[in-house]
Amino acid sequence: MTKRFLKSNFLIALSSLEGGYFEDTITLLIEHSASGAFGVIVNKPAATDLSDLSAANFDLPKLALPVLLGGPVEQDHLYFLHSTERHYPQTISINSEISLSTSRELLQDLSKPCTPEYVLPFLGYAGWRAGQLEFEIKQGAWLIAPFEKNIVFSTPYSERTTAAAKQMGIDLNLLINDLNEH
Numbered sequence: 137m138t139k140r141f142l143k144s145n146f147l148i149a150l151s152s153l154e155g156g157y158f159e160d161t162i163t164l165l166i167e168h169s170a171s172g173a174f175g176v177i178v179n180k181p182a183a184t185d186l187s188d189l190s191a192a193n194f195d196l197p198k199l200a201l202p203v204l205l206g207g208p209v210e211q212d213h214l215y216f217l218h219s220t221e222r223h224y225p226q227t228i229s230i231n232s233e234i235s236l237s238t239s240r241e242l243l244q245d246l247s248k249p250c251t252p253e254y255v256l257p258f259l260g261y262a263g264w265r266a267g268q269l270e271f272e273i274k275q276g277a278w279l280i281a282p283f284e285k286n287i288v289f290s291t292p293y294s295e296r297t298t299a300a301a302k303q304m305g306i307d308l309n310l311l312i313n314d315l316n317e318h
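Counting in the working numbering, the sequence shown runs from 137 upward without gaps.
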């Protein structure tokens, strides 16, 4: 049997993750293989923006661009999801519409007209060791949803989980209530 890898899909946290770091989150999977997986949470805003980080020695342009908490791992590292019209060093292509980068060139471009159309900064990421994500999915911790660029870049943070589920015809309130009753 061929193993299905979930790169470029969303993971919507279900009720079994209540009370933890991932409660009410939607995570975009950047990589997923037999070795493990990693992604970034796309609906958990940090209490800071890029201009605050610039003052904290991140050597960034002074832009009031909101920053998200990408996950509990390496929260002192800055990552950028961005549209793909420009390719940068230190970039992982997620799909034809979006990439993840830590490139200094991207940082420099943020204050120029040549910046990518969509840019979203993150502190940290979410990571799973080999087999861990698959186990959590089998245990009902995550709902898998297809990637949609507008959910990441245009939908308000608080509506992203609902929007991702709705594109599959799923009402999360009904699903979570049903899961809690069984």
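Just so it is clear, CB atoms sit at the ideal spot from N, CA and C, and this is done for glycine as well.
{"Check": "Closest by C-alpha distance to G175, when choosing among G260, E159 and L246", "Outcome": "G260"}
{"Check": "Residue range of the alpha helix (DSSP H) that includes D245", "Outcome": "R240 to D245"}
{"Check": "Three-way DSSP call (helix, strand, coil) for H318 in this model", "Outcome": "For H318, the predicted model reports a pLDDT of 49, less than 50, meaning its position is unreliable and no value from the coordinates is stated."}
{"Check": "Beta-carbon proximity check, I228 vs S239, cutoff 8 Å", "Outcome": "no"}
{"Check": "Residue from S219, P249 and T297 whose Cα sits closest to the Cα of S232", "Outcome": "S219"}
{"Check": "Beta-carbon contacts of M137 that lie in its chain and below 7 Å, excluding the five residues immediately before and after", "Outcome": "Annotation note: pLDDT 41 at M137 (below 50); position unreliable, no value reported."}
{"Check": "Enclosing beta strand (DSSP E) for A281 [first to last residue]", "Outcome": "W278 to P282"}
{"Check": "Under the three-state DSSP convention, the category S290 falls into", "Outcome": "coil"}
{"Check": "Three-state secondary structure assigned by DSSP to F216", "Outcome": "strand"}
{"Check": "Selected residue, minimal CA-CA separation from E241, among I230, Y215, G263 and R265", "Outcome": "Y215"}
{"Check": "Among K285, E154 and P257, nearest to D185 - alpha-carbon criterion", "Outcome": "P257"}
{"Check": "DSSP state of A299 mapped onto helix, strand, coil", "Outcome": "helix"}
{"Check": "Run of the alpha helix (DSSP H) containing F174, from where it starts to where it stops", "Outcome": "Element bounds for F174: not the alpha helix (DSSP H) but the beta strand (DSSP E), G172 to I177."}
{"Check": "Supposed contact pair P249 and E221 - C-beta distance, whole angstroms, cut 8 Å", "Outcome": "Rounded, the Cβ-Cβ distance is 12 Å, inconsistent with contact."}
{"Check": "Cβ-heavy atom distance, E270 to the ligand HEM, below 7 Å", "Outcome": "Looking for the ligand HEM in the displayed structure turns up nothing, as the structure carries no ligands at all."}
{"Check": "Enclosing alpha helix (DSSP H) for L153 [first to last residue]", "Outcome": "Note, L153: premise wrong, no alpha helix (DSSP H); not H, not E."}
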